[in-house]
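Participant:
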Amino acid sequence: MAKSFLRNVSDQLIGSNSKTTDVQIVQAVNHFDDEHSKLLKFKREFDKYTQAMLVFDNASFRFFDFIRSLSDSSWPQQQTLDQLCIDIGRIRNEHLQYLNKHMSSNINVLFDTFEKTKSHIGEQYRIQHDYDKTRRQYQSSIKREEQIKVDRIKNDLDQLKSALHLINRELRNDLDKFHLDVQSHYKKNIIELFDIHGHFYKNSHKFCSQFVERLQRNPSTNLDNNNNNNENNDSNENDFEKEKQSPTEDSNKKKPDCIPFSQLKRTDYKILHEARVIHDYEAENEDEINLVKDEYIYVISFYKEEDNERDDGWEYAEKSDGTIGLFPVNFAVRLYDNEEKTIDNNK
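Sequential numbering from 1 applies to the sequence shown in UniProt numbering.
See the structure below:
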């Protein structure tokens with residue numbers, strides 16, 4: 001009679017299966033795994049995209065540099081064409097650099113969010129494992145009719161059951177909120193991505209349109225006539241050179257070169273995290289950067305492993321002005337997501 005009663009109580013308390021499961025939790029965790037895989041693919045595809053853009057930009061640089069060579073210095077608009085080439089190269093590089101920095105930062109924020117939720121899931125797994133293990137011990141003790149052991153394990157089982165119910169409830173809410181937050185973040189990224197591209201193409205169109213409009217207003221190939229026309233159109237030419245040199249000076253002057261990408265600000269890197277400088281540092285070598293206490297920098301890693309070679313205790317970073325170089329790691333501390341930046345208004 002006693003044995004049958006204890007077994008009935010056990011079945012009512014914990015069920016007859018050897019392992020407990022929460023269907024909602026299982027489905028939510030599976031969804032979480034799918035979202036994590038999607039984020040990993042997002043990062044891979046974005047890295048491929050930025051690398052393809054870099055290849056395309058270098059090809060564009062070479063092509064337009066060749067286009068410039070088709071006309072000689074006797075053409076009155078040669079200097080304007082040279083300046084246009086430089087401007088387009090500059091805004092193209094600024095666009096790629098900003099896109100890489102901004103989107104990489106957003107992706108890193110998403111990864112941090114995933115890690116926090118993953119930690120909570122791991123805690124739930126641990127509690128469920130302990131609960132199932134204690135539950136099996138309880139059933140085994142009932143079969144052997146070890147009343148003292150049954151009472152002790154029953155107390156442990158009750159505590160674990162309460163902890164499991166609590167973390168399951170929290171995790172269900174957290175995973176639902178996590179999915180909504182991730183979707184909101186993705187939508188924000190999509191809007192920002194097209195906005196960044198829109199500004200780039202808008203600026204490119206502006207420079208090219210002004211160049212074409214200038215040629216249509218002044219089709220003359222005579223430099224003297226061009227200079228006379230320039231005097232009447234100065235108000236419409238703010239983005240190009242307003243002063244033209246004499247024919248002799250123009251023919252003797254070497255055409256300015258477009259800035260090659262190797263000399264522009266680098267974009268072949270990803271941002272690891274943001275950091276706050278805690279000590280001033282004055283660069284001692286050309287590959288180092290100056291640091292000012294309380295400024296913020298981005299710790300970076302280059303895509304090519306050989307570019308990341310450095311001594312122990314040093315990392316590469318990018319400053320707010322786009323300068324990239326080495327700095328001693330003990331001169332800055334990582335800025336975590338829950339920290340707020342403090343701005344010194346006296347600077």
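Where a beta carbon is used, it is the ideal one built from N, C-alpha and C, also for glycine.
Source: prediction; values computed, not measured.
Cα separation between E306 and G325?
Facilitator: Within the sequence shown, the letter at position 306 stands for residue 306. Within the sequence shown, the letter at position 325 stands for residue 325. Near 15 Å, if we compare the C-alpha coordinates of G325 and E306.
Participant: Where does E45 sit, in a helix, a strand or coil, going by DSSP?
Facilitator: Within the sequence shown, residue 45 is the residue found at index 45, counting from 1. Residue state, collapsed to three classes: helix.
Participant: Below 8 Å on the Cβ atoms is my contact criterion, and I expect Q78 with S69 to pass it. Report the Cβ-Cβ distance as a whole number of Å.
Facilitator: Position 78 of the sequence shown, counted from the first residue, corresponds to residue 78. Position 69 of the sequence shown, counted from the first residue, corresponds to residue 69. So it is not a contact: roughly 11 Å between Cβ atoms.
Participant: What residues are listed by DSSP as bridge partners for S324?
Facilitator: For the purposes of this step, residue 324 is taken as residue 324 along the sequence shown, with counting starting at 1. The question names Ser, yet the displayed sequence has Ile at residue 324. Its beta-bridge partners are E318.
Participant: Please report the Cβ distance between H102 and I196, rounded to the nearest whole angstrom; I am assuming they are in contact, meaning their Cβ atoms lie under 8 Å.
Facilitator: As a first step, residue 102 is located in the sequence shown; it is residue number 102 there, counting from the start. As a first step, residue 196 is located in the sequence shown; it is residue number 196 there, counting from the start. About 7 Å separates the two Cβ atoms, so the contact holds.
Participant: Determine, using beta carbons only, whether I289 and E274 come nearer to each other than 9 Å.
Facilitator: For the purposes of this step, residue 289 is taken as the residue at position 289 of the sequence shown. For the purposes of this step, residue 274 is taken as the residue at position 274 of the sequence shown. No; because the gap between Cβ atoms is not below 9 Å, this pair is not in contact.
Participant: Roughly how many angstroms separate the alpha carbons of E45 and I86, rounded to a whole number?
Facilitator: For the purposes of this step, residue 45 is taken as residue 45 along the sequence shown, with counting starting at 1. For the purposes of this step, residue 86 is taken as residue 86 along the sequence shown, with counting starting at 1. Their Cα atoms are separated by approximately 30 Å.
Participant: Based on the DSSP output, what are the partners of K270 in its beta bridges?
Facilitator: Here residue 270 is taken as the residue at index 270 of the sequence shown, counted from 1. DSSP, once it has assigned bridges, lists S301 as partnering K270.
Participant: For E288, write down the residues that DSSP places opposite it in a beta bridge.
Facilitator: Here residue 288 is taken as the residue at index 288 of the sequence shown, counted from 1. DSSP output for E288 lists L326 as bridge partner(s).
Participant: Taking the beta carbon of N58 as the centre, do at least 16 other beta carbons fall within 10 Å, making it buried, or is it exposed?
Facilitator: By one-based count along the sequence shown, residue 58 stands at place 58. With fewer than 16 other Cβ atoms within 10 Å, it is exposed.
Participant: Are three or more beta carbon pairs between the stretch 163 to 173 and the stretch 136 to 153 nearer than 8 Å?
Facilitator: No, they do not touch.
Participant: How many whole angstroms separate the CB atoms of H179 and E35, which I take to be in contact at a CB cut-off of 8 Å?
Facilitator: Numbered from 1 along the sequence shown, position 179 holds the residue referred to as residue 179. Numbered from 1 along the sequence shown, position 35 holds the residue referred to as residue 35. With 8 Å as the limit, H179 and E35 qualify as a contact, their Cβ atoms being about 7 Å apart.
Participant: Which value, in whole angstroms, describes the spacing of the CA atoms of Y138 and D158?
Facilitator: In the sequence shown, the residue the question calls residue 138 occupies position 138. In the sequence shown, the residue the question calls residue 158 occupies position 158. So the alpha carbons of these two residues sit roughly 11 Å apart.
Participant: Would you kindly report the start and end of the unbroken beta strand (DSSP E) that includes A332?
Facilitator: As a working note, residue 332 is residue 332 in the sequence shown. Element bounds for A332: A332 to L335.
Participant: Is the stretch 280 to 289 touching the stretch 311 to 331 in the sense that three or more CB pairs, one from each, lie closer than 8 Å?
Facilitator: Counting Cβ pairs under 8 Å, three or more are found: they touch.
Participant: How would you label L166, buried or exposed, when you count the other beta carbons within 10 angstroms and need 16 or more for buried?
Facilitator: Your numbering for residue 166 matches position 166 in the sequence shown. Flag for L166 reads exposed.
Participant: How is R135 classed by DSSP in three states: helix, strand or coil?
Facilitator: Working through the sequence shown from its first residue, we reach residue 135 at position 135. In the structure shown, R135 sits in a helix (DSSP, three-state: H, G or I).
Participant: Quick check on F211: buried or exposed, where buried means 16 or more other Cβ atoms within 10 Å of its Cβ?
Facilitator: Your numbering for residue 211 matches position 211 in the sequence shown. Per the 10 Å Cβ criterion, buried.
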